[in-house]
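Engineer: Our numbering puts the sequence shown at residues 9 to 634.
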Amino acid sequence: MSKTFFKIVILTGIISGVLLCSCSSTKPVSAIKVLDFKGVTEVARGEKANLKWNFENADKVRITDLQRNYNPQDSISIAVDTTSNYRFLITRGIDTLQLLWKVYVIDTPDEISTGPVGANVKNEKPSFINSDYLRGVQSAKGSANMKSLKIMRYYYPFESRNVVRAYSLILDEFGNYISGLSEKESGFVTINAFSGCIDSPKNSPVTGFTENRIDESIPVDYIILLDNSSIASDYFPINNIIEKFVKSLSDDDRFGLYLFNQNFKEELPLTRADEIMKLSFLFKEKGLSAIFKSLKYSIDLLNKSSDNSRKKVIVTIAYSTDNASIIYDRNDIIDLAIDSDIPIYVLGIGNAVDSYSLSSLSTLSGGRYYPVEDAAIENIQLILNEILYAQKANYQFDIPVPASGNCDTKVANIEFVTYQNRIHDTLKFPDIRPRHEFKYMAVASFDERDTTVTDDYLEPISMLADVLNKNPDLSIELIGNTSIEGGDKYCYNLGLKRAQAVRRQLIISGADPSKIRVSSDGSNNPVYYIQESHWMQYYNRRTELRWLDPELLPYEIIAQISETETDALSKVEDWEDKGYRAYYERYLQNNIPVYRVKIWGYKDQKSAEKIAGKLTKEYGFQFVVR
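1. What do you reckon, are the CB atoms on F166 and I385 nearer than 9 Å?
2. Do you know whose CA, among Q513, T90, F182, lies nearest A52's CA?
3. My understanding is that Y336 touches F300, with C-beta atoms under 8 Å, so please give their C-beta distance in whole angstroms.
4. Just to confirm the assignment, what range does the beta strand (DSSP E) spanning E219 have?
5. If you scan the segment 32 to 91 from start to end, which runs of the beta strand (DSSP E) of 3 or more residues do you find wholly inside it?
6. Alpha carbon to alpha carbon, how far is N331 from D458? Give it in angstroms, no decimals.
7. Given that a residue counts as buried once 16 or more other Cβ atoms are within 10 Å of its Cβ, and exposed if not, what is S610?
8. Using the beta-carbon count (16 or more within 10 Å), is Q545 buried or exposed?
9. Anyone know if the C-beta pair for R511 and I566 falls short of 9 Å?
10. Apply the 10 Å Cβ neighbour rule to Q428 and answer buried if 16 or more other Cβ atoms are within range, or exposed otherwise.
11. Note down the Cα distance separating E55 from V48, rounded to an integer number of angstroms.
12. At what residues does the alpha helix (DSSP H) containing F300 begin and finish?
13. For the alpha helix (DSSP H) holding P468, just list the boundary residues, first then last.
14. For S225, is the classification buried or exposed, using 16 other Cβ atoms within 10 angstroms of its Cβ as the cut-off for buried?
15. In whole angstroms, what separates the C-alpha of T324 from that of S367?
16. Quick one: using the 10 Å Cβ neighbour count with 16 as the cut-off for buried, is W61 buried or exposed?
17. Who are the near neighbours of T490 in its chain, counting only those whose CB is closer than 8 Å to its CB and skipping five residues on each side?
18. Could you check what DSSP says for H444 in three-state terms: helix, strand or coil?
19. DSSP state of Y501, grouped into three classes?
20. Suppose the cutoff is 6 Å on Cβ atoms and the five residues either side in sequence are ignored; what does the same chain contact list for L392 look like?
21. Which ranges does the beta strand (DSSP E) cover as unbroken runs of at least 3 residues, wholly within the segment 367 to 399, from first to last along the chain?
22. Is it right to say Y627 is buried, meaning 16 or more other beta carbons lie within 10 angstroms of its own, or is it exposed?
23. DSSP three-state call for G264: helix, strand or coil?
24. DSSP three-state call for P521: helix, strand or coil?
25. Quick one: what does DSSP say N548 is sitting in, helix, strand or coil?
26. Should N184 go down as buried or exposed, given a rule of 16 or more other Cβ atoms within 10 Å for buried?
27. Tell me which residue opens and which closes the alpha helix (DSSP H) that V254 is part of.
28. Which residue from E456, D439, L472, T434 puts its Cα closest to that of A450?
29. Relative to the C-alpha of I4, which candidate in V475, Q146, Q404 has its C-alpha closest?
30. Would you tell me roughly how many angstroms separate the C-alpha atoms of R221 and G144, rounded to the nearest one?
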């Protein structure tokens with residue numbers, strides 16, 4: 009990049025231009041390397057938090073929240089009163105690295121005491137604070153004014169009939185659950201329902217309208233599945249919110265806390281609420297997001313540990329979009345949840361979540377989706393209490409859904425009407441759910457200018473190898489990607505090395521190398537074009553997975569024969585470094601196993617033969633098209 013261009017960029021003050029120029033060199037400086045950075049600390053209230061770090065190839069470290077600079081190898085002791093985040097900016101010239109350190113302040117006493125559902129609810133105290141979520145209880149005989157109807161759980165078809173059995177909350181403007189609407193003297197007028205094909209629903213009679221009062225005799229098993237991917241580091245910790253939720257449980261209820269990124273991790277196994285003494289939240293957010301895979305594991309866990317006498321509920325708190333489940337999608341989880349009678353409630357926080365897929369998942373599983381804006385994290389406490397209460401008390405009713413009608417989607421719309429106003433909620437039931445299309449699916453992500461597959465990704469890579477071995481007709485392409493880590497050529501080669509590193513790990517895990525292709529998109533295909541956050545850069549530095557159609561680019565060129573697998577892999581990487589797409593496969597020659605190196609990616613025989621002829625002239629030995 010010319011000096012003139014640098015001057016123009018500096019004069020105009022376009023920061024993004026400066027960053028682009030700084031990364032365009034084909035010989036970038038050594039990357040800033042993290043030698044020591046714990047990133048998370050837990051202290052008791054009144055104690056100081058000790059933060060210690062060590063960075064290689066760095067000039068200085070700035071903690072932006074303290075507005076102070078430090079040495080690349082340094083430490084600090086901070087007095088904190090509340091759980092806090094500290095943002096680190098590590099620099100070397102115009103090369104930068106952003107990291108986050110979380111300090112959790114733990115109150116004493118640590119013990120968690122549980123009791124009946126929510127104080128306001130149990131004591132039937134009304135709320136007088138405007139709210140969209142449950143805050144208290146109000147009798148229909150009072151002045152309660154209906155504001156919202158929320159279907160919190162449903163079954164369709166119910167008992168193998170064309171009927172929706174729904175369980176709902178009715179709230180007023182202050183978030184009070186309105187109790188007693190099923191009594192004649194309550195002022196309740198009527199219920200209207202419409203169901204059938206979405207474009208022409210018919211009036212349907214509602215039957216079985218009753219109120220289920222608080223019932224502590226039916227215990228509930230709750231799992232909270234908490235997003236622990238890199239995106240979660242942008243948000244304030246919600247450990248206090250989860251602890252308050254546990255305190256609201258009945259003694260006979262059970263609670264489990266599980267984390268997910270590309271892996272599924274147990275923080276607290278399913279435990280009776282009155283036996284939970286303390287929750288630990290000493291973990292660091294990192295990695296990709298395998299929401300669907302983790303939901304599958306959560307459902308399996310509840311099915312194994314719960315009997316039919318207990319209700320089962322999963323609450324997923326997600327900041328991210330699934331990009332690492334590999335073999336599971338939304339429809340797999342919907343089917344499994346319905347078969348297992350486990351509703352899934354999803355709290356989609358911020359703008360990085362795939363609200364369409366997660367809303368469809370939660371609704372069709374029999375649960376409910378809650379969008380939560382960045383600035384409204386405090387609503388999580390109210391939402392969790394609302395989900396909890398709805399398992400113990402609700403209004404129950406049945407809506408018939410006509411079986412006839414040639415349509416893709418059926419609908420059930422319920423409307424409550426009093427002399428004051430009317431409220432409604434709607435359920436949709438697609439006869440054929442659309443295929444879930446992922447924007448991308450990643451196998452691993454990498455530190456800046458690094459090609460090392462860390463241990464965090466060994467489990468999903470091993471799972472992928474197992475899938476390939478059990479499905480011999482499947483083939484995959486691994487596509488290496490980078491953030492802006494150098495010039496085009498440098499980024500292309502870096503992406504290729506990342507894809508090759510994942511392939512090596514797949515082979516170590518037992519995958520058939522003939523089923524694996526690798527390629528590189530360099531920095532040309534970022535997930536996030538404007539890399540405002542460290543996790544955006546991290547997600548751009550990924551190796552993607554693409555399932556190959558057996559009919560896709562079928563023509564290949566046999567290039568070389570190797571006697572050892574190591575030599576074959578080396579030859580494949582040589583071809584890839586020259587810009588070709590290559591792989592190797594094992595086969596028998598005179599009953600002796602050898603390895604055949606192939607160049608692939610040609611849509612017809614003519615184009616493959618043209619390249620084969622060119623290579624034959626260039627290297628002096630025969631290249632054969634197959």
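By construction, the Cβ of each residue, glycine as well, lies at the ideal position given by its N, Cα and C atoms.
Structural biologist: Let me lay it out:
1. By one-based count along the sequence shown, residue 166 stands at place 158. By one-based count along the sequence shown, residue 385 stands at place 377. No, Cβ-Cβ distance for F166 and I385 is not below 9 Å.
2. Mapped onto the sequence shown, residue 52 falls at position 44. For the residues Q513, T90, F182, the minimum Cα distance to A52 belongs to T90.
3. For this step, residue 336 is matched to residue 328 along the sequence shown. For this step, residue 300 is matched to residue 292 along the sequence shown. Contact check for Y336 and F300: beta-carbon distance about 4 Å, within the 8 Å limit, so the pair qualifies.
4. For the purposes of this step, residue 219 is taken as residue 211 along the sequence shown, with counting starting at 1. First-last of the beta strand (DSSP E) with E219: 215 to 220.
5. Along the length of the segment 32 to 91, whole beta strand (DSSP E) runs at least 3 residues long occupy 41 to 45, 48 to 52, 56 to 64, 68 to 71, 76 to 78, 81 to 87, reported in chain order.
6. As a position in the sequence shown, residue 458 is number 450, starting the count at 1. As a position in the sequence shown, residue 331 is number 323, starting the count at 1. About 21 Å.
7. In the sequence shown, the residue the question calls residue 610 occupies position 602. At residue 610 the sequence reads Tyr, which differs from the Ser that was named. So Y610 counts as buried.
8. Mapped onto the sequence shown, residue 545 falls at position 537. So Q545 counts as buried.
9. Start at 1 with the first residue of the sequence shown, and residue 511 comes out as number 503. Start at 1 with the first residue of the sequence shown, and residue 566 comes out as number 558. Not in contact: R511 and I566 (Cβ atoms no closer than 9 Å).
10. In the sequence shown, residue 428 corresponds to position 420, counting from 1. When all chains shown are included, Q428 counts as exposed.
11. Here residue 55 is taken as the residue at index 47 of the sequence shown, counted from 1. Here residue 48 is taken as the residue at index 40 of the sequence shown, counted from 1. Answer to the nearest angstrom: the Cα atoms are 15 Å apart.
12. The count along the sequence shown starts at 1 and reaches residue 300 at position 292. Residues 299 to 313.
13. Sequence index remark: in the sequence shown, residue 468 carries index 460 (1-based). P468 -> alpha helix (DSSP H) spans 466 to 478.
14. Residue 225 sits at position 217 when you count from the first residue of the sequence shown. With fewer than 16 other Cβ atoms within 10 Å, it is exposed.
15. Locating residue 324 in the sequence shown gives position 316, counting from the first residue. Locating residue 367 in the sequence shown gives position 359, counting from the first residue. In a straight line, the C-alpha of T324 is about 12 Å away from that of S367.
16. Stepping through the sequence shown from its first residue, residue 61 is reached at position 53. W61 comes out buried.
17. The sequence position of residue 490 within the sequence shown is 482, counting from 1. Cβ within range, chain order: C499, L502, G503, R506, G530, S531, N548, R549.
18. As a working mapping, residue 444 is identified with position 436 in the sequence shown. Coil at H444, not helix or strand.
19. Position 493 of the sequence shown holds residue 501. A small correction: the amino acid at residue 501 is Asn; Tyr does not occupy that position in the sequence shown. Helix.
20. By 1-based counting over the sequence shown, the position of residue 392 is 384. Result list for L392: F253, in chain order.
21. Taken in chain order, the complete beta strand (DSSP E) segments of 3 or more residues contained in the segment 367 to 399 are 377 to 380.
22. Within the sequence shown, the letter at position 619 stands for residue 627. Its Cβ having fewer than 16 others within 10 Å, Y627 is exposed.
23. Sequence index remark: in the sequence shown, residue 264 carries index 256 (1-based). In the displayed model, G264 falls within a strand according to three-state DSSP.
24. Indexing the sequence shown from 1 puts residue 521 at position 513. Helix at P521.
25. As a working mapping, residue 548 is identified with position 540 in the sequence shown. Residue state, collapsed to three classes: helix.
26. Counting from one through the sequence shown, the residue named residue 184 turns up at place 176. Buried: at least 16 other Cβ atoms inside 10 Å.
27. As a working note, residue 254 is residue 246 in the sequence shown. For V254, the uninterrupted alpha helix (DSSP H) segment begins and ends at 247 to 255.
28. Mapped onto the sequence shown, residue 450 falls at position 442. Nearest of E456, D439, L472, T434 to A450, Cα basis: L472.
29. Since the first residue shown for the chain is 9 and the last is 634, residue 4 is missing from the structure and cannot be characterised.
30. Reading the sequence shown from its first residue, position 213 is the one you call residue 221. Reading the sequence shown from its first residue, position 136 is the one you call residue 144. The alpha-carbon atoms of R221 and G144 are separated by roughly 14 Å.
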